[in-house]
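The structure appears right after this line, and notes come after that.
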Amino acid sequence: MITRQWQVNGEMREATFPALKPLLHVLREELAATGPKEGCGEGECGACTVLLNGQPVTSCLAAAGQVRDGSTIWTAEGLARLPLGERIVDAFMRHGAVQCGICFPGMLATTYAFLRDEPAPDDRSTREALSGNLCRCTGYSKIVAAILDVAREREPAGSRGRVGAQPGPPAGEDPTLETLDALETLETPPSPAAPRAASAPAIDPREPAAFYAPRTLDEALALRARRPGAALLAGGSDLLVAWQAAAREPLLRGAPSRTARPAADRPAETAAAEAPCQRPVVISLSDIDALRGVAEEDGVLRIGACTSAYELCTNPSLARGAPALVAAAHALGARPIRHLATLAGNLVNASPAADLAPPLLVAGAGLLIAKAGGTRKIPLEDFYRGYKETNLGPDEIVTVVLVPALVAGEREGFRKLGTRRAQSIAKVCAAVRVRLDAGRIDAVAIALGSVAPTTVRLPRTEERLRSERPTAALWERTRQWVAEEVHPISDVRSNADYRRAMAGVLVTDLLASLVCSEHGAQ
Amino acid sequence: MDIGRLQLGTSRLRPARPRDHSRRGIRIGPHRAGSRLPARRGSATVTVMVQRVDAVEKVTGRALFADDIVAEGMLFAVPLHAAHPHARIRVLETAPAVEVPGVVAVLTAADLPAATRLGTIVRDQYILAGDRTRYQGDVLAVVAAETEAAARAGAAAIRVDYQPLPVLTDPQAALAPGAPLIHEERGTNLIASYRVRDGDPARAFATCTEILEREYRTSWIEHAYLEPESAIVTPEPDGSVTVRGSVQLPFNARRFIAQACGLPLSRVRVIQATLGGSFGGKDETINLICARLAVLALRTRRPVKSTYSREESMRESYKRHPFLVRSRLGVDANGKMQALDIEMTADGGPYCTSSPFVIWRPTVQCTGPYVVPGVRCDTRAVYTNNPLTGAMRGFGSPQFNFACESMVDEMAHAIGLDPVEFRRRNFFTQGCRTHTGQHLDNHTVSIRQVMETALERTGWAEKYARCGRGTPGPDGRAYGIGLACCYRGVSLGAEGADFCSAIVHVQPDASVLLQVGVSENGQGLKTAMTHIAATELGLPASQIRFLDTDTSHVPDGGPTVASRGTIVGGNAVLIAVARLKEMLEPLIAERIGALPEPRDATEATAAGPPGTTAGPPATAAGPPTTGTGGEPAGYRYTGGRIHHPVTGESIALNEVVAAAAEHRLYLQAFGSWAAPRVSWDEERGRGHAYFTYVYSCNVAEVTVEAATGKVRVTRLIGAHDPGRAINPEMVRGQIYGGLLMGMGLALGEHYPVAEGIGQVGNFDRYRICRAHQAPELEALIIENPDPAGPWGAKSIGEPANELAAPAITNAIFHATGVRIRSLPLQPEEILARWQR
Ligand SMILES: Cc1cc2nc3c(=O)[nH]c(=O)nc-3n(C[C@@H](O)[C@@H](O)[C@H](O)COP(=O)(O)OP(=O)(O)OC[C@H]3O[C@@H](n4cnc5c(N)ncnc54)[C@H](O)[C@@H]3O)c2cc1C
Ligand code: FES
Ligand code: FES
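Residue numbers (our numbering), protein chains in the order written: chain H, 1 to 522; chain L, 1001 to 1836.
The following block contains the structure:
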């Protein structure tokens, strides 16, 4: 159990709880802030959205122990009392936007951050902003209309930004992103019963864990060495999903039938803190400030492992040097997820659908991996071993991602098929980096997600493209080559042939658009 | 974004007919359908925009949903679900659970004190599975503990040994002779079946020049209300229980709980908490949950709460029935439908729930809004070991409409007729006879008007002409537009006893407590009822307080399902208010003078708006604010005052209320309304199925990408005739939400099932439409006030949800030439068939 003091809706409050307990449950159960609701417990519905230190997050995925002392938390109850919140509530009323209403406390938090940070909201950006908040009743129309109304009658800028304003996401659209699209079909993992983070130990976040939140990397490495096999917790957007799902419904873990487990397996709340061998051990990386941020040295971007997807989208050096990565980060989840999700978490989780990996693969990115004795450097490509498997040692931590910045003459882009820009693990995603010389393809790198057990490069297709002139006929052949080279996991529902064909379409379209925009001709 | 901004006050009016009841006659008993026509003239829209009375609390997080309620010393309970959809339970060992620290009680079938099985129609669902599991959501045990973590640890510690049995996954196979029986005592796996025979289909087919035979399928759909089931049960010192929960039907819940606990109904009090969505999904599963909790609460003498996780909710709660529809339609040389032979099979899962209702509705609506002389229709619902299915917004119509409106489009294509023209030739007309022998003469049959309005609004003719028809445009996408039409019986119809009551209780300061036997499910019922009472009493809405449904304080109003809330609740409120006004009348007369004698009783009532004591509220069709011709002879209630109709003299309501107190007159009035009579002859499939109908048309525009087969719905239009839109903004809200949910039946939403087990458990894989994926939505309201509805209102909740899917698949056909006959559609399927 740990104790934290936070400013909740403007008041200092104190709560004591098991460290991994989701912030949502601490707010609801310990602090009587029942505005935020639990609709899914896995980051998908947004009903639990609150502003944490000014930023919207899905509080069901934030381990409360990671929320530092002195943090500010605003829930619907408090936001509704602030001037901007009042105006939003008023607009929802005027438009008759509310039906059953359960989604609205979360909608309010998301909307608050959006209107605070977005200088010129329009229908599209508003919908994008709401994409992490499900509503089953209203069809969204009136919610969007109400928000645009508030935007229109906005007060002078000075009175805005009461709750820790931060720079908003980049204005304008990344041209490499597809237009909004219709619903895509279901994506099924290789085995429906398989846990979603196979590499993670099963931990019940409701129960006490040995929880460490070191401030420095050295402390973290020392801990890691002492406790090999401890879970490293960054943003938690993969781990808390997996842990909670398993705790909520063990049947979904695929256990054929339940068998008795010794009670000792599940230590009671009262178990002494000194019995760590029985308790899961978790090392939080979120307090290590040195693991965040972006620097550029000699044409190489050094991105701290714990930099969040939101920070990736808003960083100017990345916008210049790694636009495909920025596009991918922008397409990762909705904003409340992007504030939690970290770069290393996405890579180490090693999902074949991880969006941040393909842009790094085409850039030839590498990882710096540290352990108590020293640091090694490894190309990202060599980091993956198989489905959700990496070669990270039990005593190691990823500290930095090294990305060669785009140089003059190179272009790169990222695309997701079925682009649900928000809340979607890609069905097929692709990144391409390409350089033309004298009208021919001089160098090209292609990487794909969701077409094999890991994210992959396509060396054969790259080789075949080299020195070719970009023509319609080439694109026709490229589609073929890509389809031939990928090997989708076969037992997925969306049949492998379709996925293969889609990979071809996606890569070719992306490549063609990059080349065309450079040369203004086919 | 271009959202609905059109409200059409375009009623087709016909002259009022004399009425058969006296001026003050408040009809409480059933009256014959067909005896009256819309009576109001000048249907100026009553569009006072009323804000929802419960919205601010919800947005600001103050409203109490079930999981927000806590009780001192409460236990938390979790269910243990079946790991096998069909198995014998050889061993169920709970002792290890009891040993888990914090666990207080474990409930299994063996511990049930009274009923062991419950159900709305047939009591076939086991409260707890004892010796056999029949589906993935059967609950074997409920563990109550000091904390949720302890309860879950306890559930995980229970040892179960299953002997798997063959899993019945196909309804057809389940009906085959020799198939294992899910309920032996019933002797069959057939849950229910209905039939209609009209005309001579065999001979009619012989006259047809074109006959099509097709099969259509739909799959499971999850309600996906954002609030999972939750309830808290408190044992009271007197041995009764109080239940607060996310309950759609508090009276049904009460019955379930009483039966499970062996208590009289009077000792079970169910209070509905603010409901986080239901759409029919919180009709039954939650009642069983409450029943289990109540037994635990009585046993442990402590409050017990349970809040399901999303996964538990998806596992146990029922889904929309998958339908298999086999349809054979014949038309003559003039493009007139002559014969229809249709068979529908619904997968009911292991228990009856409301399956009979779900198949009865499509049976009595099986022609769609078209006249077909020869009809044979057979429907059935079948027990299987698949996920449980039950009521969901539409009660079978969304599935059936998909089949019906696809077939209509296919036929139009087959005979080379424009799909619109084909519909026009066959539509119901005023006074026509349906295949169940009902004459549609007591309300305005507006299907044609509704469709034409939708077409005009979309610019159909021009857009239909530029459909891709298999060829993509220069951007690689093929464009298509499609439509679908339907009619829908309002309320329960001959499915159930249709009645409701309300209590209006005026306080000494003239504020009002209002109780109605139907409940707020998120659809805005509270607001509608408040609005009606406020308008009738001439008070601001803030003076009226709608009390949440509490089974100990308000009479049973029958289920708030089938989009019946407004019509039955509103009528009950009108009657209660009229009663109240009768009580006040002598007091008012004493002060501002008596009313003049009526000139002509029949004339006055036929035209009198219900805003006065003169109008018979049960049947009044007129708006309260307008009134030309046949000026009402009653006192007028406006602005907190009561006005004499002739002298114009007035008195404050306050004063009259004070006078009542002096007279020891207790200002509480009870109103009860029963629906007009309906009938059903089971054997012949004949009767007045519903007392009135709603007419609807949806139009969809899509583009389909040639390279990927991906469908993008760009615009959905819902045109509906809800009688009168009492609160147009709320009606629009229902239409927008309904369109989007309706779209989910066609694309996006999918609940795959393998060997009886659902393969998705949460919103990561069960995907409902998000804000940025929603097409442009537009709502068109066409008003033809209905004599049976309060102020002419009928319903909108379900009509809004039942047509989008066929409009979309028809649009896809006009874009690509690919006909989708199985939902949900898959881009890979479209792609494969389009390329061929
Ligand atoms: C609703 C929702 C939508 C999503 N949408 C997308 C999407 O569109 N595209 C996409 O790609 N992903 C998506 N994701 C997943 C994405 O959020 C994660 O992959 C995220 O990037 C993981 O980062 P984290 O910090 O939250 O990881 P955590 O959950 O904290 O950790 C993930 C794994 O990485 C390990 N780890 C973390 N940091 C380090 C480190 N420094 N060194 C070594 N190991 C480390 C952890 O031990 C763990 O095994 C979505 C998730 C949710 C909940
Ligand atoms: S509860 Fe659904 S996102 Fe947190
Ligand atoms: S209003 Fe019901 S979920 Fe949004």
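Using N, Cα and C, we set each Cβ at its ideal position, and we do this for glycine too.
Among the CB atoms of chain L, one or more fall inside 7 angstroms of the CB of G39 (chain H). Secondary structure note for F1499 (chain L): its beta strand (DSSP E) is the uninterrupted segment 1499-1506. Inclusion of G236 (chain H) in the 6 angstroms shell around ligand 1 follows from its C-beta lying nearer than that to a non-hydrogen atom of the ligand.
Ordered by chain, the residues meeting the criterion of a beta-carbon within less than 6 angstroms of a non-hydrogen atom of ligand 2 are H:E38, H:G39, H:C40, H:G41, H:G43, H:E44, H:C45, H:G46, H:A47, H:C48, H:T58, H:C60.
Along the segment 67-101 of chain H, the positions whose C-beta sits under 7 angstroms from a C-beta of chain L are T75, A76, E77, A80, V89, F92, M93, G96, V98, Q99, C100, G101, read in chain order. Assigned with DSSP and collapsed to three states, M1 (chain H) falls in coil, not helix or strand. The residues I441, V444, T478, in chain order, have a CB closer than 7 angstroms to that of L465 (chain H) in the same chain once the five nearest residues on each side in sequence are set aside.
At a cut-off of 6 angstroms, the beta-carbon of Q480 (chain H) does not count as near ligand 3: no heavy atom of the ligand is closer than that. The alpha carbon of G409 (chain H) has as its nearest neighbour, out of H:G439, H:L23, H:K416, the alpha carbon of H:G439. DSSP lists no beta-bridge partner residue for M1392 (chain L).
Inclusion of P1775 (chain L) and V1713 (chain L) in the CB contact set at 7 angstroms is warranted, their separation being smaller than that value.
Beta-bridge annotation (DSSP): T1703 (chain L) is paired with L:Y1479, L:R1712.
Residues are counted here when their Cβ sits less than 9 angstroms from a Cβ of chain H; for the segment 1254-1287 of chain L these are T1274, L1275, G1276, G1277, S1278, F1279, given in chain order. Scanning L:Y1736, L:R1269, L:K1526 for the CA closest to the CA of A1231 (chain L) turns up L:R1269.
Counting C-beta atoms within 10 angstroms of its own C-beta, A1077 (chain L) has 16 or more neighbours from the protein chains shown and is therefore classed as buried. Not flagged as an interface residue toward chain H: N1252 (chain L), since no C-beta distance is shorter than 7 angstroms. In the three-state scheme derived from DSSP, where H, G and I count as helix and E and B as strand, M1451 (chain L) is classed as helix. Using a Cβ distance threshold of 7 angstroms, V1325 (chain L) and Y1216 (chain L) count as a contacting pair. Comparing C-alpha distances from A1669 (chain L) to each of L:A1083, L:P1350, L:G1199, L:V1516 shows the shortest one belongs to L:V1516. In this chain, the beta strand (DSSP E) harbouring F1546 (chain L) covers 1544-1546. Between the segment 1730-1749 of chain L and the segment 87-105 of chain H, the count of C-beta pairs closer than 8 angstroms reaches three or more; the two stretches touch. Note on N1654 (chain L): under 16 other CB atoms within 10 angstroms of its CB, so exposed under the neighbour-count rule. Closer than 6 angstroms to some heavy atom of ligand 1: that describes the Cβ of I397 (chain H). Against V1372 (chain L), chain H offers no close residue; the least beta-carbon distance is about 33 angstroms (beta-carbon pairs closer than 7 angstroms).
When the Cα atoms are used, R1090 (chain L) and V1160 (chain L) turn out to be separated by approximately 7 angstroms. With respect to the 7 angstroms criterion, V1196 (chain L) and C1377 (chain L) are classified as neighbours on the basis of their beta carbons. In this structure, the C-beta of D355 (chain H) approaches ligand 1 to less than 6 angstroms from one of its heavy atoms. DSSP lists L:V1243 as the beta-bridge partner residues of V1270 (chain L).
Listed along the chain, the chain L residues whose CB falls inside 7 angstroms of the CB of F104 (chain H) are K1058, V1059. Contact between the segment 1170-1187 of chain L and the segment 1102-1115 of chain L is absent: fewer than 3 CB-CB pairs across the two stretches fall below 8 angstroms. Ligand 1 has no heavy atom closer than 6 angstroms to the beta-carbon of N1385 (chain L). Under the DSSP assignment, L1296 (chain L) falls in the alpha helix (DSSP H) whose first and last residues are 1285-1300.
Rounded to the nearest whole angstrom, the C-alpha separation of A473 (chain H) and A452 (chain H) is 27 angstroms.
One finds M1001, R1770, A1771, H1772, Q1773, A1774 in chain L with Cβ atoms closer than 9 angstroms to the Cβ of R127 (chain H), taken in chain order.
At least one heavy atom of ligand 3 falls within 6 angstroms of the beta-carbon of C137 (chain H). Here F1428 (chain L) has P1369, Y1370, V1371, T1434, L1440, V1445, I1447, Y1487 as same chain residues with Cβ atoms under 8 angstroms from its own Cβ, once five neighbours each way along the sequence are excluded.
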